[in-house]
Amino acid sequence: MRAIQVSELGGPEVLRLVETGAPRPGPGEVAVDVLYAGVNFAEVKARSEGYRVRSLPFVPGLEVSGRVRELGAGVEGLAVGQEVAAMAEGGGYAEVAVVPAAAVFPVPEGVGPRTAATLPTVLPTAHALIHEVGRLQPGESVLVQGAAGGVGTAVGQLARLAGAGAVYGVVSSEAKAAYAREHGYDDAFLTDSFPEDVRRATGGRGVDLVLDPVGGRTLRQGLDALALFGRLVSYGNAGGEGPWQVGQPELYPAARSVAGFSVLSLAADAPEALRDLAGRAFALAANGSVKLPVTAEFPLAEAAEAHRLMEGRTSTGKLLLRVG
Ligand SMILES: NC(=O)c1ccc[n+]([C@@H]2O[C@H](COP(=O)([O-])OP(=O)(O)OC[C@H]3O[C@@H](n4cnc5c(N)ncnc54)[C@H](OP(=O)(O)O)[C@@H]3O)[C@@H](O)[C@H]2O)c1
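Per the working numbering, the sequence shown starts with residue 336, numbered consecutively.
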């Protein structure tokens, strides 16, 4: 089979197309004939920094759509040939991917394989950020970093569906701000000026919920943008600064809370919780309430181009690799 392999960490050029044997599923696993693979920022981090990479060489790829090829021992409730979307622990940039059975989801009725590949990581993450962890209440305001990206595009729509009073995004360019405003955001601010913009937009009050996948200085500025009783959810470290720490001085005076979320950890440690979450999230895609626009699609062999686009901070919505 064809796969994209990384033998050394580095720039997009280390994503090389290779011919290799198709993997077989072990107990509790499923082999999928991949049609499309979603591209995630976590894969850029895996390629460049070894984020969650166990050893070299490795095949990146955390989410796929396709058809069940083979079931490992003990797997029930799935059938060979069935159309599925799946979260992978890597290995998605390939014609055959082996994934844990617990992270394989039948494609919802009316959803095609292209859209199905956009769902597995983004939608449960966005749902958890707004509901299970962020606990957004009707009428509350929310500020989302990376608003024009894959997760950001879904989060804005989910916030609106949850009855948010105001949905604000933060992005790195005017073009992304325009995209965010067209996809559910009331307004989108630029990275350099968002603290003042939030103060202006909220009359100095601040927002009730901040969703932060950037970390470092941006996370600190997000904390300062919170209203009384506000919550911040940290779910990434795109900025690459060291792990954040927050203590009593930042939290007590304004009664703030800080929480975290990782869909990959949920898949590894609490697969039943992920299945419940994914069920709730996918239902919104199936009934058309949430749409994840695919803004660029590349053949598998051109995975490096997709990474260049995302890393260059010019991508919006969801990027896909066409595999099958
Ligand atoms: N914890 C979880 O469960 C989970 C799950 C999925 C994704 N995530 C995180 O959510 C974020 C979005 O993921 P995605 O796959 O949907 O990617 P994406 O948003 O489509 O693309 C990457 C995003 O990162 C931002 N970015 C890139 N370089 C950056 C930098 N140096 N500093 C600050 N921001 C930078 C870009 O926003 P701007 O250019 O507008 O700043 C862009 O929105 C990533 O940080 C990812 O790790 C977390």
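Glycine included, every Cβ here is placed at the ideal spot set by N, Cα and C.
Closest by C-alpha distance to glutamine 340, out of Gly361, Ala381, Val477, is Ala381. Straight-line measurement puts the Cα of arginine 555 at about 12 Å from the Cα of glycine 582. Sequence-distant partners of valine 415 (beyond 5 residues in either direction) whose C-beta falls short of 6 Å from its own C-beta, in its chain, are Val403. Under the DSSP definition of a beta bridge, proline 634 partners with Arg657. Per DSSP, arginine 470 lies in no beta strand (DSSP E) segment and is marked neither H nor E.
Following the DSSP letters along the chain, one finds proline 530 inside the alpha helix (DSSP H) bounded by residues 529-536.
Here threonine 453 is near glycine 373, since their CB atoms are less than 7 Å apart. Excluding residues up to 5 positions away in sequence, Thr651, Gly652 lie with their Cβ nearer than 6 Å to the Cβ of threonine 630 in the same chain. Alanine 573 has its Cβ nearer than 6 Å to a heavy atom of ligand 1. By the neighbour-count criterion, in which a residue is buried when 16 or more other Cβ atoms sit within 10 angstroms of its Cβ, alanine 605 is exposed. Annotated as distal: leucine 561 and glycine 539, with beta-carbon spacing of 7 Å or more.
Under the three-state reduction of DSSP output, aspartate 521 falls in the coil class, being neither helix nor strand. For the region 534-606, the continuous alpha helix (DSSP H) assignments of 4+ residues that do not extend past its boundaries occur at 551-559, 583-586, 598-604, in sequence order.
The three-state secondary structure of glutamate 405, taken from DSSP, is strand.
Annotated three-state conformation of glutamate 378 is helix, per DSSP. At least 7 Å separates the beta-carbon of aspartate 543 from that of glycine 557. A Cβ-Cβ separation of about 7 Å places tyrosine 428 in contact with leucine 635 under the 8 Å criterion.
Residue side-chain check: glycine 481 places its Cβ nearer than 6 Å to a non-hydrogen atom of ligand 1. At least one heavy atom of ligand 1 lies less than 6 Å from the C-beta of methionine 645. Secondary structure of serine 383 (DSSP, three-state): helix.
Proximity of the region 460-470 to the region 488-495 meets the contact definition, three or more beta-carbon pairs being nearer than 8 Å.
Shown here, arginine 449 sits in a helix according to DSSP, grouped into three states. Around the CB of alanine 421, 16 or more other CB atoms lie within 10 Å, so the residue is classed as buried. Put simply, the backbone Cα of arginine 535 is about 38 Å away from that of glycine 614.
Judged by DSSP secondary structure, alanine 420 falls within the beta strand (DSSP E) whose first and last residues are 418-422. Here DSSP, grouped into helix, strand and coil, assigns proline 392 to coil. Between threonine 460 and tyrosine 570 a beta carbon distance of about 7 Å is seen, short of the 8 Å cut, so the two are scored as contacting. Only residues of its own chain outside the window of five on either side were considered, and among them Gly491, Gly504, Val505, Val506, Ala515, Tyr520, Ala523 have a CB closer than 7 Å to the CB of alanine 482, listed in chain order.
At a cut-off of 6 Å, the beta-carbon of lysine 626 does not count as near ligand 1: no heavy atom of the ligand is closer than that.
Distances taken from the Cβ of alanine 421 to the heavy atoms of ligand 1 include none shorter than 6 Å. The Cβ atoms of valine 410 and valine 365 lie closer than 7 Å to each other. About 39 Å separates the Cβ atoms of valine 479 and alanine 357, ruling out a contact at the 8 Å cut-off.
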